[in-house]
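Read through the structure below, which is laid out as structure tokens, and then see the notes.
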Amino acid sequence: MQTLNLATRRWWYIMPIVFITYSLAYLDRANYGFAAASGMAEDLMITPGLSSLLGALFFLGYFFFQVPGAIYAQKHSVKKLIFVSLILWGSLATLTGVVSNAYWLIVIRFMLGVVEAAVMPAMLVYLCHWFTRAERSRANTFLILGNPVTMLWMSVVSGYLVQQFDWRWMFIIEGLPAVLWAFVWWRLADDRPTQAKWLSEQEKQDLESALAAEQVGIKAVKNYAEAFRSPKVIILALQFFCWSIGVYGFVLWLPSILKAGLKMSMVEAGWLSSLPYLAAVVAMLIVSWASDKVQKRKRFVWPPLLVASIAFYASYLLGAEHFWWSYALLVIAGACMYAPYGPFFAIVPEILPANVAGGAMALINSMGALGSFGGSYLVGYLNGSTGSTGMSFLLMSGALLLSVVLTLALKPGASDRIVSKTVTPHPAPARS
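Residues 1 to 432 in the numbering used here are what the sequence shown spells out, letter by letter.
In structure tokens:
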């Protein structure tokens, strides 16, 4: 069979666009943690319980609109969906800075979740249109790197904005770039290779042929209902639910945990909050490269999550009196929680055909949103009600351990077999 050489320029053209887009989405959902730690509660008279609910409300809106967004992206246009979403979520993020009471904040946080719900599954569908099986873990990772890389610089920038101005200006300044980027996205993004003016006709044909060849041998699934009933999809959804309890309990409340642990300023908390995400970037790149090299996805998902679970438990055992040891364990936990994202989201397109894979990924991601709601609410609640971080560390450790058990329960399938390759894509670039 003829070996096809797929254009390297796809990496340099597409990945910066999707990386920046997802980074902006993540910025506008995660900076709430800095506002919560820097006076917003006092200004709006928010109780600790309501603060936890407000932090989690985003994920409730996110949960309900994942699947409809993914189906629209798969059947119609990722480009149009993301363009509208960018304008709406940037506007809502900016409006967060001008709210006068907690009731408006409730509405805005929920609507922000609704608007951003389609971003992750739509982007995963988008990458399936442009990258082959042998590239997909790395492509997913370069997309999801928008999460820890954003947290890395946002932790520092948000700390300075809060310190120099206040939490209101932080929201306003960090919300506007998404609105401006919407028009850049519209100019640069193409839904499918056939629409790309920057590829030659031969390159378009080679890529479409390679993607079509991958669908051969995957068991046909006639509709979304059948896909959603698949035991593998159900296990992956439950696994991602448990995993996300740990991730978003960590992401949303890390600044508060650090600030309370050593009575530091928001700038200091921002710098310390950034280190786990720097470690996460390195871990994600290594794990995704190894996953695409070996193409046995499961073995690159559960071991990092087990290490993260152990790190949280060890931090719980150490207690607040050993701050720096506990902080080192949090760096390890953060890196290991992020490391498996690329191989994890490469599993679904390898076990389901293209007509339903996007909806299945959205269902799994929506369960992750539900776990994120639970994690962000419960961690905030436990920290506020107990006055310490011990119980929240125990919660995150247990949730991650459950996700490990569920991953191990996933029966080997297409994603765990090395298949014969009819395509020889150029390697991904060393950086995004």
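In this text, a Cβ means the ideal position worked out from N, Cα and C, and glycines have one as well.
Selected residue, minimal CA-CA separation from residue i, among the options
i	options	result
Cys128	Val294, Gly49, Met361, Ala279	Met361
Ile87	Ser392, Ala189, Trp185	Trp185
Tyr72	Ala122, Leu112, Ala189	Ala122
Phe312	Val379, Leu81, Val18, Ala7	Val379
Val233	Asp190, Phe19, Gln74, Gly358	Gly358
His322	Ala369, Met396, Gly390	Gly390
Leu180	Leu24, Val67, Thr47, Glu42	Leu24
Tyr377	Val294, Pro68, Asn31, Leu53	Leu53
Ala346	Leu81, Val99, Ile17, Arg133	Arg133
Leu352	Leu278, Ile332, Pro231, Leu57	Pro231
Phe83	Glu174, Asp190, Val67	Asp190
Val307	Ala210, Asp292, Ile332, Leu395	Ile332
Lys293	Pro343, Tyr224, Trp271	Pro343
Trp271	Lys79, Ala178, Tyr126, Val157	Val157
Tyr103	Ile46, Ala196, Phe165, Tyr381	Ile46
Met284	Arg138, Lys79, Ala37	Arg138
Beta-carbon gap between residue i and residue j smaller than 8 angstroms
i	j	result
Ala118	Ser85	yes
Leu305	Ser315	no
Asn147	Tyr338	yes
Leu27	Thr150	yes
Phe63	Ser397	no
Ala280	Gly334	yes
Tyr277	Leu152	yes
Gly49	Gly384	yes
Leu363	Ala212	no
Val99	Leu92	no
Ala7	Glu203	yes
Asn31	Glu174	yes
Gly69	Leu81	yes
Ser326	Leu318	yes
Leu124	Phe58	no
Arg29	Glu116	yes
Gly159	Leu395	no
Nonlocal neighbours in the same chain, by C-beta distance under 7 angstroms from residue i, ignoring five residues either side
i	result
Leu176	Gly90, Thr94
Leu408	Trp302
Pro349	Cys128, Arg136, Ala357
Asn101	Leu44
Phe19	Phe142, Leu143, Leu145, Gly146, Ser432
Ala290	Phe300
Ile235	Leu406, Ala409, Leu410
Arg109	Leu54, Leu57, Phe58
Glu42	none
Nonlocal neighbours in the same chain, by C-beta distance under 6 angstroms from residue i, ignoring five residues either side
i	result
Val114	Gly61, Phe65
Ile245	Gly371, Gly374, Gly375, Ala399
Ile144	Tyr341
Phe393	Phe312, Ser315, Tyr316
Leu402	Cys242
Gln239	Ser403, Leu406, Thr407
Ala35	Trp167
Exposure of residue i, with buried meaning 16 or more beta-carbon neighbours within 10 Å
i	result
Ile286	exposed
Lys411	exposed
Gln295	buried
Trp169	exposed
Trp11	buried
Val107	exposed
Leu188	exposed
Lys298	buried
Gln215	exposed
Ala130	Per the sequence presented here, residue 130 reads as Trp, with Ala not at that position. Counting Cβ neighbours within 10 Å, Trp130 comes out buried, since at least 16 surround it.
Phe171	buried
Run of the alpha helix (DSSP H) containing residue i, from where it starts to where it stops
i	result
Leu86	78-95
Phe300	Looking at the DSSP string, Phe300 is not in any alpha helix (DSSP H), and its letter there is neither H nor E.
Gly39	From DSSP, Gly39 is part of no alpha helix (DSSP H); its letter is neither H nor E.
Lys411	Element bounds for Lys411: n/a, residue is neither H nor E.
Asn101	Counting along the chain, Asn101 falls outside any alpha helix (DSSP H), and DSSP gives it neither H nor E.
Ser155	146-164
Met367	354-386
Ser209	201-214
Pro68	66-75
Ala333	323-338
Ala346	341-351
Met123	119-128
Arg229	Counting along the chain, Arg229 falls outside any alpha helix (DSSP H), and DSSP gives it neither H nor E.
Pro177	167-188
Neighbourhood of residue i by C-beta distance below 8 angstroms, restricted to the same chain and skipping five residues each side
i	result
Arg9	Trp198, Leu199
Thr194	Lys204, Glu208
Proximity test, Cβ basis, 8 angstroms: residue i and chain C
i	result
Arg136	Of the chains in the structure shown, none is chain C; there is only one protein chain.
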